[in-house]
Amino acid sequence: MRIRELIEWLNDLVPFTYFANEFPPDDPNVNVPDEAAYVTIQPGMGVDPETGVSRPNFQIVVRGSRHGMEALETKANEIFDAVTNQSEITIGTSRVVHIFAIGSAPQYMGRDANDRPHYAMNFRATIRPG
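863 is the number that the working numbering gives the last residue of the sequence shown; the numbers go up by one with no jumps.
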């Protein structure tokens with residue numbers, strides 16, 4: 734599972750502005766919305782040597798506007814609910830058996846230097862080879 738494939742799948746599931754690995758730097762010459770998310774893929778558990786099953790983790794961090802806390806919480810929960818317990822799906826070329834939420838709700842992470850609130854969600858995917 735590659736980051737671009739995961740973002741495409743997420744955007745089909747819950748349309749939103751997603752970035753790979755981090756938010757772009759704030760630049761007044763570039764139009765990057767406050768309401769956006771970034772997605773990272775993390776190593777998770779090792780590949781099972783007998784079955785080839787892998788269990789990578791991924792994180793989605795959602796950012797809102799300064800005064801958009803309620804809208805942000807709603808969007809974070811929409812993404813969380815849509816992703817949690819997805820099963821027998823394909824993301825890119827990966828056969829995903831199941832996606833487990835690590836935790837039972839999005840976690841509020843505070844505000845960034847520009848006073849924009851953030852929520853984070855963590856998931857573990859079980860992927861079959863081939």
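Where a beta carbon is used, it is the ideal one built from N, C-alpha and C, also for glycine.
Taking 8 Å as the cut-off, the beta carbon of residue 832 is found no closer than this to the beta carbon of residue 840.
Residue 794 counts as buried, since at least 16 other C-beta atoms from the protein chains shown sit within 10 angstroms of its C-beta.
Secondary structure at residue 741: helix, using DSSP grouped into helix, strand and coil.
Between residue 813 and the set 752, 853, 755, the nearest pair of CA atoms involves 853. Distances from the alpha-carbon of residue 751 to those of 737, 764, 760, 762 put 737 closest. The beta carbon of residue 766 is closer than 8 Å to those of 750 in its chain, skipping five residues each way along the sequence.
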